[in-house]
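So the protein sequences, as listed, match chains E, B and V. Counting in numbering that gives the first Met the number 0, the first sequence runs from 0 upward without gaps. Counting in numbering that gives the first Met the number 0, the second sequence runs from 0 upward without gaps. Counting in numbering that gives the first Met the number 0, the third sequence runs from 0 upward without gaps. Backbone N, C-alpha and C fix where the C-beta goes; we use that ideal spot for every residue, glycine too. These figures come from a predicted structure and were not determined experimentally. Read the structure below first, then the notes.
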Amino acid sequence: MYEFALAGLLPYTGPLPRAIVLTLWLSTLSILLSVAVGVLGALCRTSTSLVLRWIGGAYVEVLRNIPLLVVIYLIFFGLAQVGLRVDGFNSALIALTLNAGAYMTEIFRGGLIAIPRGQYEAARSQGMTAFQLYRYVVFPQVFRIIYAPLGNLMIGIVIGSSLASVIGVEEVTTWMRRAGDETFRYMESFLAVGVIYVVLAQTINIGRIVTGRWLLSRAPIGHRR
Amino acid sequence: MSSQVAAYWYVFLKGVGITLWISWLALILGGAVGLVIGLLRIAPWAAVRWAAIVYIEVFRSVPPLVLFFGCFYGLSYAMKLDLSPFSAATIALTLTASALMAEVVRAGIESVTRGQWEAALSQGMTYPQVFRYVVWPQAIRVMLPPSVGVYISTLKDSSLASIIGYVELTKSGLLVRESTGISFEVLLIIAILYFVINYSISLVGAALERRFKYVH
Amino acid sequence: MSTDPASPVLRIEGLVKRYGPHLVIDGVDLDVTAGQVVVFVGPSGTGKSTLLRCVNGLEDIQGGRILFEGQPVLSRSSAIHAVRRRIGMIFQSFNLYPHLTALQNVTLAPVKVLGEPSKEVEERARGLFRKVRLEHRAHAFPSQLSGGEQQRVAIARALAMNPHLLMFDEPTSALDPETVGDVLAVMEDLAREGRTMLVVTHEIGFARHVGDRMIFMDGGKIVEDRPPEEMIANPENPRTRQFLGSILHH
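Okay, here's the thing in structure tokens:
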């Protein structure tokens with residue numbers, strides 16, 4: 000009979016904090032970089048230039064339709080063959096950024112196109128500069144639209160960072176595999192790591208909900224028609 | 000394409016078939032489980048709603064890769080279930096897909112307005128009748144396009160089954176890579192195959208969305 | 000249509016309805032006999048619509064009781080379905096089923112709820128479409144109909160159940176002005192047929208020409224209940240006078 004014993008994992012908890020930090024670091028960097036990619040992508044997608052729109056659209060469609068794992072392999076193994084050696088962490092970072100950047104592009108684009116033309120015209124008619132227009136009129140409205148999908152995508156990035164384990168990055172999922180392999184306490188290591196991911200994801204989720212409440216309390220905007 | 004890689008065309012083809020099959024199976028099973036969870040999610044009893052929320056949030060928060068490990072090694076050792084990679088992968092994919100589908104079901108049912116419930120109730124329909132004749136036919140139209148999204152997402156997640164040795168499309172590619180020693184080309188082919196499959200599915204989804212919009 | 004013309008179709012005794020701490024209906028008594036057309040007027044938020052919804056068991060009540068054809072209306076009892084089948088309700092926002100054609104909207108409940116043969120129901124439905132002057136639109140979907148047309152389909156849908164009481168909850172408030180007349184004309188026809196009707200509306204003209212009784216409600220209470228001509232010509236209560244003054248001069 001199998002005896003469930005979390006204590007069996009105790010000798011292996013030493014590297015766990017480092018692994019958690021690495022997961023957080025990889026996720027945070029990917030979030031920041033993919034926001035930058037997403038802003039660029041959204042500008043391309045909404046640009047007046049047909050070529051830019053096409054490039055933006057192709058980027059989104061390609062990256063959304065290829066599994067993240069395959070992108071990671073392509074960068075880690077594939078590029079090495081054509082002479083570009085990228086280490087595990089950076090391969091994962093690039094792959095996550097490219098992947099999440101495609102979703103970011105769509106989120107930002109959705110936010111931008113939801114702002115009616117009249118808002119730009121009203122702000123310009125009051126003599127606002129482009130910066131003022133975006134800072135005081137466009138961004139606050141866009142943020143209300145994007146914060147919820149943004150939170151979901153951030154959870155997606157944390158989850159996606161687990162794939163770095165397949166190319167030897169010593170993050171949380173790698174720790175789970177190693178602790179499991181060495182103790183055969185796979186169930187315990189799985190549950191422990193499951194809890195860690197639930198805590199990370201729900202922290203973001205709760206942040207998203209709190210942001211929503213805060214926005215609502217500041218200025219409730221009803222369903223505009 | 001180098002002839003060395005081209006010689007393995009049937010391996011790729013089989014990989015495509017298996018990937019389509021396991022993700023379809025997971026979508027159906029996940030859809031069935033997700034329907035139940037989604038209905039519980041909007042049940043009139045708070046305890047039931049919270050149980051459903053916990054289910055959804057847990058399987059949305061735990062990476063599918065971690066679930067694959069839990070199902071394959073964890074269940075095998077803890078329960079003495081000698082799960083094949085196929086069974087473990089199907090369970091893991093179903094769990095993830097069901098959490099996504101539960102939200103799709105909930106959103107679909109909640110998209111039907113209160114007025115629809117009231118109109119049907121005022122005609123003397125019982126709750127099951129309202130659900131069957133008025134709410135469900137409307138909800139299913141709302142649910143179809145995002146279900147296609149769940150299928151694509153499940154299909155991409157199925158690539159993770161390669162990690163536990165299930166020979167679907169990604170694993171097929173890795174095997175070809177091993178026997179030929181050619182990485183970039185092989186992985187690019189795999190990427191293109193995934194793209195073609197998923198992009199086609201998304202086009203079908205967009206067509207469905209147009210088809211199921213009410214006549215205007 | 001009720002067996003004994005002397006006994007009221009609808010009797011409401013001491014009705015109280017609260018939303019949390021908010022008192023919406025504050026002790027309403029009302030008898031409606033067969034064939035009466037009762038028009039409810041008053042400022043918005045004074046419980047007129049809520050009163051209709053209580054009669055249909057769409058709201059639970061906190062005090063008093065409602066008897067429909069002698070049978071208590073209890074929103075949570077299983078007998079409520081039988082009561083609702085005999086009451087037709089028309090909503091401000093039509094609430095047509097968007098996935099069904101106009102004709103299917105009308106036939107759905109008689110076939111599925113009453114279990115009548117679909118051939119017969121369809122026959123009857125065609126007659127109803129003639130009555131609401133929409134026979135050419137029977138196969139359109141709700142989204143292809145104007146507001147006025149949708150509301151007339153909703154009336155046909157209610158009539159298809161052969162109801163003993165019709166309740167109209169601000170039936171023309173969501174309509175473009177030019178389609179209001181069509182809906183009111185259909186309602187007038189129904190009144191002339193001798194149907195028992197409760198109508199919440201701001202259409203004072205309709206109340207005057209069609210109503211047998213006009214009830215002014217304010218603050219969850221019935222303030223005045225008289226024949227429309229009288230009330231409009233000579234409102235007794237200052238609040239009634241003020242309200243009628245405000246809407247007649249617009």
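Residue i and residue j: beta carbons closer than 7 Å?
{"i": "ASP175 of chain V", "j": "GLY146 of chain V", "result": "yes"}
{"i": "GLY244 of chain V", "j": "VAL36 of chain V", "result": "no"}
{"i": "ALA200 of chain E", "j": "VAL171 of chain E", "result": "no"}
{"i": "PHE183 of chain E", "j": "TYR76 of chain B", "result": "yes"}
{"i": "ASP30 of chain V", "j": "GLU12 of chain V", "result": "no"}
{"i": "GLN118 of chain E", "j": "PHE183 of chain B", "result": "no"}
{"i": "ILE246 of chain V", "j": "ARG207 of chain V", "result": "no"}
{"i": "GLY40 of chain E", "j": "GLY55 of chain E", "result": "yes"}
{"i": "ALA99 of chain E", "j": "VAL168 of chain E", "result": "no"}
{"i": "ASP168 of chain V", "j": "LEU51 of chain V", "result": "yes"}
{"i": "GLY164 of chain B", "j": "PRO63 of chain B", "result": "no"}
{"i": "VAL147 of chain B", "j": "GLY204 of chain B", "result": "yes"}
{"i": "ALA51 of chain B", "j": "ILE36 of chain B", "result": "yes"}
Using only the alpha-carbon positions, how far apart do residue i and residue j sit?
{"i": "TRP49 of chain B", "j": "VAL57 of chain B", "result": "12 Å"}
{"i": "ALA129 of chain E", "j": "SER199 of chain B", "result": "40 Å"}
{"i": "PHE88 of chain E", "j": "LEU67 of chain E", "result": "14 Å"}
{"i": "LEU57 of chain V", "j": "GLN122 of chain B", "result": "11 Å"}
{"i": "GLY87 of chain V", "j": "THR195 of chain V", "result": "10 Å"}
{"i": "ILE106 of chain E", "j": "MET153 of chain E", "result": "12 Å"}
{"i": "LEU95 of chain E", "j": "PRO139 of chain E", "result": "27 Å"}
{"i": "TRP20 of chain B", "j": "GLY37 of chain E", "result": "33 Å"}
{"i": "PHE68 of chain B", "j": "TYR196 of chain E", "result": "14 Å"}
{"i": "TRP116 of chain B", "j": "ALA106 of chain B", "result": "16 Å"}
{"i": "ARG64 of chain V", "j": "LYS220 of chain V", "result": "15 Å"}
{"i": "TRP53 of chain E", "j": "ARG44 of chain E", "result": "7 Å"}
{"i": "PRO237 of chain V", "j": "PHE215 of chain V", "result": "11 Å"}
{"i": "PRO97 of chain V", "j": "VAL61 of chain B", "result": "39 Å"}
{"i": "THR47 of chain E", "j": "ILE112 of chain E", "result": "13 Å"}
{"i": "ALA153 of chain V", "j": "SER92 of chain V", "result": "10 Å"}
{"i": "GLN128 of chain B", "j": "VAL20 of chain E", "result": "53 Å"}
{"i": "GLU120 of chain E", "j": "ARG212 of chain E", "result": "30 Å"}
{"i": "ASP59 of chain V", "j": "ALA119 of chain B", "result": "17 Å"}
{"i": "HIS201 of chain V", "j": "CYS53 of chain V", "result": "20 Å"}
{"i": "VAL112 of chain V", "j": "VAL34 of chain E", "result": "54 Å"}
{"i": "ARG123 of chain E", "j": "GLY159 of chain E", "result": "42 Å"}
{"i": "MET0 of chain V", "j": "PRO43 of chain B", "result": "Reliability of the predicted coordinates at MET0 of chain V is poor, the pLDDT of 45 falling under 50, and the value obtained from them is presented with this limitation in mind. Their Cα atoms are separated by approximately 39 Å."}
{"i": "LEU51 of chain E", "j": "VAL59 of chain E", "result": "12 Å"}
Going by DSSP, name the residue or residues bridged to residue i.
{"i": "GLN125 of chain E", "result": "According to DSSP, GLN125 of chain E bridges with nothing at all."}
{"i": "GLN70 of chain V", "result": "V:PHE67"}
{"i": "ASP168 of chain V", "result": "V:VAL199"}
{"i": "MET216 of chain V", "result": "V:ILE221"}
{"i": "LEU9 of chain V", "result": "V:VAL31 and V:PHE67"}
{"i": "HIS21 of chain V", "result": "V:TYR18"}
{"i": "MET88 of chain V", "result": "V:MET166"}
{"i": "VAL38 of chain V", "result": "V:VAL198 and V:MET213"}
{"i": "GLY62 of chain V", "result": "V:VAL15"}
Among the options, whose alpha-carbon lies nearest the alpha-carbon of residue i?
{"i": "ILE89 of chain V", "options": "V:SER74, V:SER172 and V:GLU223", "result": "V:SER172"}
{"i": "LEU24 of chain B", "options": "B:ALA118, B:GLY164, B:VAL111 and B:THR95", "result": "B:THR95"}
{"i": "PRO148 of chain E", "options": "E:MET103, E:THR173, E:ALA191 and E:ALA121", "result": "E:MET103"}
{"i": "VAL105 of chain V", "options": "V:HIS138, V:ILE214 and V:GLN143", "result": "V:HIS138"}
{"i": "TYR54 of chain B", "options": "B:ARG40, B:LEU192 and B:THR179", "result": "B:ARG40"}
{"i": "VAL149 of chain B", "options": "B:ARG131, B:ARG209 and B:SER97", "result": "B:SER97"}
{"i": "SER161 of chain B", "options": "B:LEU92, B:VAL111, B:LEU120 and B:ALA101", "result": "B:LEU92"}
{"i": "THR12 of chain E", "options": "E:ILE144, E:ALA35, E:ARG176 and E:LEU214", "result": "E:ARG176"}
{"i": "GLY150 of chain E", "options": "E:ARG123, E:GLY82, E:ILE203 and E:ILE114", "result": "E:ILE203"}
{"i": "ASN55 of chain V", "options": "V:ARG85, V:VAL185 and V:SER43", "result": "V:ARG85"}
{"i": "LEU127 of chain V", "options": "V:PHE67, V:GLN103 and V:MET213", "result": "V:GLN103"}
I'd like to know if residue i contacts chain C, where contact means its C-beta is closer than 7 Å to some C-beta of that chain.
{"i": "VAL65 of chain B", "result": "Included in the structure are the protein chains E, B and V, with no chain C among them."}
Near-chain V residues of the segment 96-120 of chain B - C-beta to any C-beta below 7 Å: GLY114, GLN115, GLU117, ALA118 and LEU120
Using a Cβ-Cβ cut-off of less than 9 Å, list which residues of the segment 157-170 of chain E approach chain B; keep chain order. VAL157, ILE158, GLY159, SER160, SER161, LEU162, SER164 and VAL165
Tell me which residues of the segment 73-87 of chain B have at least one Cβ-Cβ distance to chain E shorter than 9 Å, keeping chain order. GLY73, LEU74, SER75, TYR76, ALA77, MET78 and LYS79
Between the segment 91-105 of chain V and chain B, which residues of the former have CB atoms less than 7 Å from a CB of the latter, in chain order? SER92, ASN94, TYR96, PRO97 and HIS98
According to a CB-to-CB cut-off of less than 9 Å, which residues of the segment 182-205 of chain B neighbour chain E? Across the segment 182-205 of chain B, CB contacts with chain E closer than 9 Å involve SER182, PHE183, GLU184, VAL185, LEU186, LEU187, ILE189, ALA190, ILE191, TYR193, PHE194, VAL195, ILE196, ASN197, TYR198, ILE200 and SER201, in sequence order along the chain.
Could you please tell me which residues of the segment 135-167 of chain B, in chain order, have their CB closer than 8 Å to any CB of chain V? PRO136, GLN137 and ARG140
Please identify, using Cβ separations under 7 Å, the residues of the segment 4-38 of chain E that lie next to chain B, in order along the chain. none
Would you list, in chain order, the members of the segment 170-203 of chain E that have their beta-carbon closer than 7 Å to a beta-carbon of chain B? THR172, MET175, ARG176, GLY179, PHE183, TYR185, MET186, PHE189, VAL192, GLY193, TYR196, VAL197, ALA200 and GLN201
Can you list, in chain order, the residues of the segment 65-76 of chain E whose Cβ is nearer than 8 Å to any Cβ on chain B? Of all residues in the segment 65-76 of chain E, ILE65, PRO66, LEU67, LEU68, VAL69, VAL70, TYR72, LEU73 and PHE76 have a Cβ within less than 8 Å of some Cβ in chain B.
If contact means a Cβ-Cβ distance below 9 Å, which residues of the segment 117-141 of chain E contact chain B? Within the segment 117-141 of chain E, no residue has a Cβ that lies closer than 9 Å to any Cβ of chain B.
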